[in-house]
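To convert a position in the sequence shown, counted from 1, into this note's numbering, add 4.
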Amino acid sequence: ENYNDLHAYAFSNLCRILWARALAKRVPYPVVSLHPGVCGGTGMLQHMGWRAILRQIWLVLQWERKSFFALQSIPQVAATQTWAAVEPVSSLAKMTGSYLNGNADCTLGAPDTPSALAQKDDLAEKVLAYAGNYFATK
């Protein structure tokens, strides 16, 4: 009854960044997290009520104002994932643990700085430990 879809979305994104940050220190291959960018037509808002949609628009205006006014197409926001998938391992290894941002105002393939919370190594370790324990029980 107290579930908040936007909070869950934001929290899962934070955990994804933290998890990649901690995992990158433990595995021999490059690990990055990425945000594809802001675009319409994905269906992400289809299960939200009008109040949640208005709140999401307000949050995007607060956090990603430049991106909101430069909405990208689905192929444009797919560029970051595609780049990460085909970039040589030797290039990705130099940025392991990084956050890549696919917004229109960001450079493709250049690490971006996530929020201060997403840069906390102690939280990253806790998220990785939680994930390990969770999946060990499945």
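We treat Cβ as the ideally placed atom computed from N, Cα and C, and that holds for glycine. These numbers come from a predicted model, not from an experiment.
Please identify the residue among Y33, R55, T111 and S77 whose C-alpha is closest to the C-alpha of S95. Relative to S95, the option among Y33, R55, T111 and S77 whose CA is nearest is Y33.
Could you tell me how far apart the beta carbons of G106 and L38 are, in whole angstroms, since I believe they sit closer than 8 Å? A Cβ-Cβ distance of about 6 Å is found for the pair G106 and L38, placing them in contact under the 8 Å criterion.
Between which two residues does the beta strand (DSSP E) carrying S37 extend? Unbroken beta strand (DSSP E) run through S37: S37 to H39.
Could you tell me the boundaries of the alpha helix (DSSP H) in which Y134 lies? Looking at the DSSP string, the run of the alpha helix (DSSP H) that includes Y134 is D125 to A140.
Between A24 and V31, what straight-line distance do the alpha-carbon atoms span, to the nearest angstrom? Approximately 10 Å, taken between the alpha carbons.
List the endpoints of the continuous alpha helix (DSSP H) containing Y2. Because the chain here runs from 5 to 142, residue 2 falls outside it and cannot be looked at.
Helix, strand or coil: which one does DSSP assign to Q50? Three-state DSSP puts Q50 in coil, outside helix and strand.
Assigned exposure category for S77 - 16 Cβ within 10 Å defines buried: S77 counts as exposed, since fewer than 16 other beta carbons sit within 10 angstroms of its beta carbon.
Does the beta-carbon of M52, which I'm using as the reference point, lie nearer than 7 Å to any heavy atom of the ligand GTP? Judged by which ligands are present, the structure shown has none, so any question about the ligand GTP falls away.
Cβ atoms of A122 and L27: under 8 Å apart, would you say? No Cβ-Cβ contact shorter than 8 Å links L27 with A122.
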